[in-house]
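Each residue of the sequence shown is one higher than the one before, counting from 337 in our numbering.
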Amino acid sequence: MSTIDLKKILFKQIEDTDDDEILEEVHRILELGSYQKSDNQISNELKKSIDQGIKDFEEGKLVSHEQAKQEFKEWLNQ
Numbered sequence: 337m338s339t340i341d342l343k344k345i346l347f348k349q350i351e352d353t354d355d356d357e358i359l360e361e362v363h364r365i366l367e368l369g370s371y372q373k374s375d376n377q378i379s380n381e382l383k384k385s386i387d388q389g390i391k392d393f394e395e396g397k398l399v400s401h402e403q404a405k406q407e408f409k410e411w412l413n414q
């Protein structure tokens, strides 16, 4: 089935339904698809930071939650 044929079928099904739950779900799915394809990509800097965090985790370079809170508090008071 071609994309055009599928769109025609979907348009007709959407037009014919009065079920709000179905329409809301179709809307949610379509929004999710457009979100994933949009310009909502992370920056290279953020990606590098995330990758470094994953690497640190894999290497066991971790701090406790309490230690992280203390370091953050100290950082804020500089």
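Virtual Cβ for every residue (Gly too), placed ideally from N, Cα, C.
The three-state secondary structure of Ile378, taken from DSSP, is coil.
For Leu398, no alpha helix (DSSP H) run applies, since DSSP gives it neither H nor E. The continuous alpha helix (DSSP H) containing Asp352 extends over residues 339-352. In the three-state DSSP reduction, Gln388 falls in the helix class (H, G or I).
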